[in-house]
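Residue numbers (our numbering), protein chains in the order written: chain A, 15 to 367; chain B, 15 to 367; chain C, 15 to 367; chain D, 15 to 367.
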C-alpha cells in the first residue's frame with residue numbers, strides 16, 4: 015500500500031421525484047444513483063414518473079430490522095454443545111445487558127443457534143440505531159463470545175464470524191431469520207398508465223414475472239432470488255449514499271410479485287435484506303453527507319428513524335427500476351433498442367445487462 | 015432525472031505489489047481498490063506481501079471464459095418446445111455465423127437449453143473479446159431469438175432475458191455451466207511465514223475454512239459460496255477498474271480451499287464467475303483508463319488477452335484478502351482489535367464486516 | 015445381520031385407468047401404488063379419471079435420459095487438473111470405447127467437469143438401456159477412472175463417487191445437466207370438468223400454484239422444487255415397481271405449471287430426474303414382475319424402450335396426484351375433511367402429508 | 015382404483031446389534047431395514063460392529079423436535095399482512111389453547127411468519143407426542159387458520175399448506191427452523207479399528223468427507239446436504255417401521271463431519287429432519303408392530319418418548335451406513351468389488367447407488 019490516496023469517481027445522477035407512503039415515510043424525493051451503467055437512470059426515472067401518478071405512490075412497509083453476526087463455538091461433543099445452547103438461551107437477559115452496557119445503540123434482540131457435530135453456531139441479532147451495524151454487531155459479538163467462553167465449561171473459541179450471519183454471501187438464512195431492513199413495496203398502476211407509459215399490459219407483466227423471475231431463477235438453481243435486477247438499483251443507491259455496497263449480494267435476494275387485477279397492475283418488490291445506515295463508514299464524505307441530507311435522512315429523529323427512511327427510499331427506487339425493466343422485456347426488441355442507444359443522450363427504457 | 019451530473023467519489027488506494035504467475039500472466043503489480051471500508055486495504059496488503067515471499071507467487075489458472083444470455087421461448091406445448099430445442103442444436107453452425115456476421119468480437123461457443131411445461135429456456139454462451147460482454151451478448155441473443163422465431167414453427171416470444179443466464183442473482187447455474195472468467199488461484203505459504211506474518215498455523219486455517227466457509231455456509235442454506243468475503247475485494251477492484259460492480263453477486267459465489275501440508279499452508283480460491291472487461295461501459299473514464307494502463311491491461315494483445323490479465327489480477331487480489339481475514343479469525347479478538355482501530359492510521363489486519 | 019429374512023409388506027393398490035399419449039407411449043393403464051398413506055389412492059384416482067375425459071389424456075414428452083456418476087481426481091495443482099480435464103475431453107471417443115467394450119448396455123454420452131483448487135470433478139453420463147443404471151454407471155466409471163489414472167500424469171485417486179453425480183441428495187446439477195429420465199406431462203382440463211370434478215376453477219389453481227409451489231418453496235429456500243407432493247406418488251410407484259425409492263430425493267425436484275386458459279386449465283408437471291428401470295435390483299421379485307408386465311413394460315422392445323414407457327407412466331401418475339391435491343387446497347377445509355375420513359372406506363380427495 | 019388390495023413385499027433383514035447411548039436411549043439393539051438394495055445390509059452391519067467396540071457406542075443427542083405446517087393468508091396489502099402477523103404473535107397463548115382444546119397430543123410451540131407482497135406465510139410448529147404428526151399438524155393448522163380468518167380483518171384464505179412447512183421438498187428452512195427430530199450422532203473409532211475394520215485411516219476419511227460431502231455437494235448446487243447416502247438408510251428404516259418414507263427427502267439433508275484426532279476417527283452425522291412416529295398411519299400393520307416392539311418403542315413411556323427412542327435408533331443406523339460407505343470410497347476399487355458381488359452371499363462393504 016503506497017501513500018497514494020485517490021478517488022474512483024463514479025458518475026452519479028439524481029432521478030425522480032418518486033412518491034412514497036407507508037409506515038415509515040410519506041414523501042416525494044429524488045434519489046441519487048452512482049453507476050457506470052448509464053441506462054439505469056432513465057430506467058428508474060420511468061418508474062419514478064409512474065409512482066407520481068398514483069395518489070399513494072409506492073407504499074413501502076418496513077416489517078423488520080436487525081443486524082446479525084454468528085460466532086462459532088467448538089464444544090467437547092454434541093451434548094456439551096446442546097447444554098451450551100440451552101445455557102445461552104437461559105441467560106438471554108444477562109447477555110443483552112452486556113451489550114447495552116457497552117454500546118449506546120446496539121441492542122440484542124434475539125439469539126438463534128444450530129448445532130452440527132460438536133460445533134455450535136450462535137447467531138446474535140441486534141438493532142443498531144442508524145448504523146447498518148456490521149461493526150457494532152462484531153464488537154458486541156466479541157464481548158458476548160468472550161463472556162460465554164469464560165463462563166461456560168467444555169467449550170472453546172471457534173471463530174468470531176462463522177458464515178451463519180450471513181455476510182455478503184448468498185444464503186437462505188438471511189431471508190428466513192432476517193438481516194438488515196425487510197421492506198415491502200407495492201404500487202398499483204392503472205390499466206391506461208400500463209399501456210401508455212409502459213407500452214404493455216398487466217397480464218403480460220404478470221406472466222413474464224412468473225416465467226422469468228420465478229420459474230427461470232428456479233431452473234437456474236437460484237436461492238430466494240425472484241427478480242430481474244434489484245442488484246443494479248441497490249449498487250447505484252448504496253454507492254451514492256456511502257453504504258458498503260458489497261451487501262448487494264444479499265440485497266439481490268428478493269421477490270417481485272405482479273398481478274393483473276382487472277387490467278390494472280399490482281406490482282410489488284419484497285427486499286428482505288436491505289442493509290443501509292446513515293452513520294458509520296463512508297457517511298462522513300462530503301458528497302455523501304449532502305446526499306443523505308437531501309434525502310431527508312439527516313434530520314433530528316429517534317435513533318434508527320433516519321436509517322429506516324433511507325431504507326424505504328432505497329426499496330422504492332428498486333421498484334422503479336424493476337418495473338421499468340420487466341415492462342421493457344415484455345416487448346420484443348425494446349431492450350436491444352435501449353442498449354443500442356446507450357451512448358446517446360436519449361431516454362432509454364430498460365436495463366439489466 | 016434532473017440535468018445534474020455529479021460524481022460519487024469512492025476512496026481508492028493502490029496496494030501491493032503482489033506476485034502472479036500461471037497460464038495468463040507472470041507479473042508483479044500493485045492493485046487499486048475503491049471502497050468505503052478502509053480496513054480492506056491493509057487486509058489485502060498483508061496477503062500481497064506474503065505472495066512476494068513465494069518464488070511463484072500466486073499461481074492463477076484461468077480455466078474458462080464465456081458470457082451468457084438466456085432467452086425464453088413459449089411453445090404450443092412441450093413436444094413443440096422439444097422439437098425446437100433439437101432444431102436449435104442442429105443449426106448451431108448457422109446460428110454462430112449469424113453472430114459472427116454481426117459482431118467483430120462476439121462468438122457463439124455453446125447453447126444450453128431446458129424445458130419446463132411448454133417453456134423453452136435457451137442459454138446462449140459467447141466469448142466476447144476484451145469486453146465483459148453483457149451488451150454484446152444481449153445484442154447477439156436478440157438476433158438469434160429473432161431468427162429462431164422467424165424460422166421455426168409453433169413458438170413465440172417469451173423474453174429476451176429469462177434469468178437462466180443468470181445475471182446478478184445468486185444461482186447454481188453460473189458455476190456449473192460457466193459465466194465470466196473462471197479463475198483458480200493457489201498459494202503455498204511456508205510454515206514460518208504462516209507463523210510470523212499471519213500469527214497462526216496452517217492447521218488452524220484449514221480447520222476454520224472447513225467449519226466456517228464450508229459447514230457454516232452450508233447450514234445457512236448457501237449456494238456455492240464457501241468463502242469469507244470475496245465480495246469485498248471484488249467490489250473494490252471492480253469500482254477501481256470501471257466494471258459493473260453489481261456482478262459481485264455471482265462473483266461472491268466461490269470456494270476457498272485450505273490444507274495443512276506438513277505445516278505449510280496450501281491456500282486456494284476458485285472464482286468461477288469473474289466478470290471483467292477492459293473495454294465497454296465505464297472504461298472511458300480517465301481514472302479507469304489510468305488504472306487499467308497501470309495494471310498492464312491496455313497493451314497491444316490479441317482480443318481477450320487484456321481482459322484475461324485483468325481477471326487473474328482480480329482473482330489474486332481476492333486471495334490476498336481472503337487469506338488475511340481467515341488468518342485473523344483464527345485468533346480470538348484479532349478482528350475486533352482491527353475494527354477498533356478503524357479510524358486510525360495503523361495497519362489493520364482483517365476485514366469482513 | 016442375523017440370518018432372518020423377512021418381508022415388509024407395504025399395502026398396494028391399483029388405481030386408474032389413466033390415459034397417456036406422447037412421444038413414448040399411447041396407452042390406457044392402471045397403475046400400482048404401494049404406500050402406508052391410504053389417501054394417496056383416491057387422490058391419484060381422481061386425477062386419473064380426469065385424464066380419461068381428455069381425448070389425448072396426459073401428454074407425456076420424454077426429453078432426455080442419462081445416468082451419471084462423478085469421480086474425484088486429485089491433481090498436483092489446478093494447472094494439472096486443467097490439463098487433465100482437457101485431455102479427458104480430447105479422449106472422449108477412446109473412453110466411450112472402453113465403456114462399450116465392457117458393457118452391453120452402458121454407453122458414455124457426455125463428460126462434464128469442474129475444477130476447484132487442485133480437485134477435478136469428472137461427471138460421466140451414460141445411457142443404460144432398461145436399467146436405472148446406478149451400478150452400470152459405477153462399474154463403467156471405475157473403468158474410466160482407472161484408465162485415466164494410469165495414462166495421465168500428475169493425478170491420483172480421489173473418490174469413485176464425489177457427490178457431483180448427484181445421487182439421492184438435493185442439488186441443482188441434476189436438473190441442469192440431467193440425471194434419469196426427464197419427462198414433461200401436460201393435461202388440459204375443460205372448464206366444466208374443473209368445476210364438477212375438482213370443485214374449483216382454473217384461475218384458482220393457477221394462482222395457488224404461483225403462491226404455494228413457486229413463491230412458498232422459494233421463501234423456504236428450496237432448490238428446483240416447485241410442486242406440492244411429487245415425492246408421495248413417486249414413492250408409491252417406485253416401491254410397487256421394484257425401484258430404488260431413495261431416488262425420490264431428486265425425483266421430488268420438479269416444477270408444476272398451471273395456467274388459466276379462458277377458463278380451461280393447462281396443467282403440467284416437469285420431472286427432470288425420474289430414475290426407473292425394468293431390469294436390475296428388485297425387478298426379480300414376483301410381484302414386481304407381475305406389476306411390470308401388467309404395465310406393459312416387459313414387452314419385446316429395443317433396449318431402453320421398456321424403461322422409457324415405465325418413466326412416462328410414472329410421470330403421468332405424478333400429475334394425477336398433483337392435480338388432485340392442488341385442487342383440494344384451493345378449497346378451505348377440503349384437505350382437513352379428507353384427513354378426518356382417513357380411516358374410513360370413503361373416497362378421499364387430497365393428500366400431502 | 016379397483017377393489018384389489020395387495021402387498022408390495024420389500025425384502026427386510028435385521029442387522030446389528032449396534033450400541034447407542036446419549037440423552038434419549040442407552041441400548042443395544044438390532045435394526046430392521048427393508049430395501050431392494052441388498053448391499054445396504056452388510057454396509058450397515060459393518061458400522062454396527064464398530065459401534066459395539068466403543069464403550070459408549072454411538073452417542074446420539076436429540077436437540078429438537080417439532081412438526082410443522084405452513085398456511086397461506088392473502089391480505090389486502092402488505093401493511094395488512096404485517097398487522098395480521100403482529101396480531102397472530104400477540105395471540106400466541108390463545109392460539110395454543112385452541113390447539114390444546116382440540117387435541118390430546120398436539121401442542122403449539124412456535125409460530126414463524128414471512129411476508130412477501132400481500133401474502134402472509136404462517137408456519138405453525140407443534141410437538142405431537144409419539145406421532146410423526148403430519149395429520150395432527152394439518153388438523154390443528156386448519157383450526158388455527160379458520161380462527162384467524164374469522165377474527166382478524168382484511169385477510170382471506172390462501173392455502174392450508176403453503177410449502178413453507180416444508181413437506182417432502184428439499185429446502186433450507188427445515189434445517190434452520192426445525193422440522194422433525196434433530197439428532198446428532200457421534201462415534202470415536204480408535205486408530206487400529208479404522209485400520210483393521212475399515213481398511214483405511216482417519217485422515218483419509220476426513221479428507222474424503224471434505225472433498226466429497228462438503229465440496230462435491232456444494233459444487234453440485236446442493237442445499238444443506240453434506241453426506242454420502244443418508245437417504246438409503248432412512249428409506250430402509252422408514253419402510254421397516256411403518257413411516258411415511260417420502261420424508262427421506264428432507265431426511266437426506268444432513269451433515270457428516272469427520273476428523274482425524276491423532277489417528278483416531280471422530281465421526282458424526284447430524285440429521286436435523288428425522289420424521290418418525292410410533293403411532294399413526296402404517297403403525298397398525300402386524301410386522302410394523304412387531305418391529306417397533308422389538309426396537310423397544312412400544313413401551314409404557316411418557317408421550318413422545320417412544321418416538322424419540324425410535325429417532326435415535328434411526329440416526330445411529332444412518333451413521334453405521336455412512337461410515338461404512340465413506341471408508342469404502344477411500345480405497346480405489348472397493349466399491350466396485352462390492353457391487354460385482356452383489357448377488358452372492360458374501361459380505362459387501364459399501365453402498366451408495
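Each residue gets a CB set at the ideal place from its N, CA and C atoms; glycine is no exception. Here the structure is a predicted model, which means the values were calculated and not measured.
Nearest in C-alpha terms to residue 73 of chain D, of all of D:298, D:213, D:330, D:345, is D:330. Residue 214 of chain A and residue 345 of chain B have their C-alpha atoms spaced approximately 58 Å apart. Listed as beta-bridge partners of residue 233 of chain B by DSSP are no residues whatsoever. Looking from the CA of residue 166 of chain A, the closest CA among A:88, A:292, A:302, A:22 belongs to A:88. When 8 Å is used as the limit between beta carbons, residue 238 of chain D is near these residues of chain B: 232, 233, 235, in chain order. In the DSSP annotation of this structure, residue 186 of chain D is not part of any beta strand (DSSP E), being labelled neither H nor E.
Beta bridge pairing from DSSP links residue 169 of chain C with C:89. Less than 9 Å divides the Cβ of residue 229 of chain A from the Cβ of residue 133 of chain B. The region 316–331 of chain D makes contact with the region 274–292 of chain D; the number of CB pairs closer than 8 Å reaches 3 or more.
Closest in C-alpha terms to residue 81 of chain B, from the list B:128, B:295, B:141, B:36, comes B:141.
If you draw a straight line from the Cα of residue 174 of chain B to the Cα of residue 94 of chain D, it is about 36 Å long. Cβ neighbours of residue 204 of chain A within its own chain (closer than 7 Å, five residues either side excluded): 278. Neighbourhood of residue 152 of chain D in chain A, by CB distance below 7 Å: empty, with the nearest CB roughly 22 Å away. In this model, residue 154 of chain C and residue 297 of chain C are separated by some 21 Å (Cα to Cα). By the rule that beta-carbons nearer than 9 Å mark a contact, residue 108 of chain B does not touch chain A. Residues of the same chain with a CB within less than 6 Å of the CB of residue 35 of chain A, apart from the 5 flanking positions on each side, are 70, 71, 73 in chain order. The alpha-carbon of residue 352 of chain D is positioned some 19 Å away from that of residue 64 of chain D. Judged by DSSP in its simplified three-state form, residue 242 of chain C adopts coil rather than helix or strand.
Chain order gives the chain D residues near residue 186 of chain B as 235, where near means a beta carbon separation below 7 Å. In the three-state reduction of the DSSP assignment, residue 56 of chain A falls in the helix class, which pools H, G and I. Between the alpha carbons of residue 90 of chain C and residue 129 of chain C lies a distance of about 12 Å. When DSSP states are grouped into helix, strand and coil, residue 179 of chain A belongs to the coil group. For residue 30 of chain C, the CB contacts under 6 Å within the same chain, skipping 5 residues up- and downstream, are 44, 45, 62 in chain order. When 8 Å is used as the limit between beta carbons, residue 243 of chain A is near these residues of chain B: 181, 182, 260, in chain order. Burial is judged here by how many other beta carbons sit within 10 angstroms of a residue's own beta carbon; residue 170 of chain D has fewer than 16 and is exposed. When the Cα atoms are used, residue 183 of chain A and residue 58 of chain B turn out to be separated by approximately 19 Å. Chain order gives no chain C residues near residue 101 of chain D, where near means a beta carbon separation below 9 Å; the closest approach is about 20 Å. Considering only beta carbons, the part of the region 267–298 of chain C lying closer than 7 Å to chain B consists of 269, 271, 282, 284, in chain order. At least one CB of chain A lies nearer than 9 Å to the CB of residue 21 of chain B. With 16 or more neighbouring CB atoms inside 10 Å of its own CB, residue 261 of chain A falls in the buried class.
Around the beta carbon of residue 275 of chain A, fewer than 16 other beta carbons sit within 10 angstroms, so the residue counts as exposed. Per the C-alpha coordinates, the member of A:253, A:266, A:259, A:99 positioned closest to residue 243 of chain A is A:266. The Cβ atoms of residue 232 of chain D and residue 25 of chain C lie no closer than 9 Å to each other. Sequence-ordered contacts of the region 27–54 of chain A with chain D read 36, 37 [C-beta pairs closer than 8 Å]. Considering only A:136, A:106, A:116, A:115, the residue with the shortest C-alpha distance to residue 123 of chain A is A:106.
Contact between residue 121 of chain A and residue 320 of chain A is ruled out by a C-beta separation of about 17 Å, above the 8 Å threshold.
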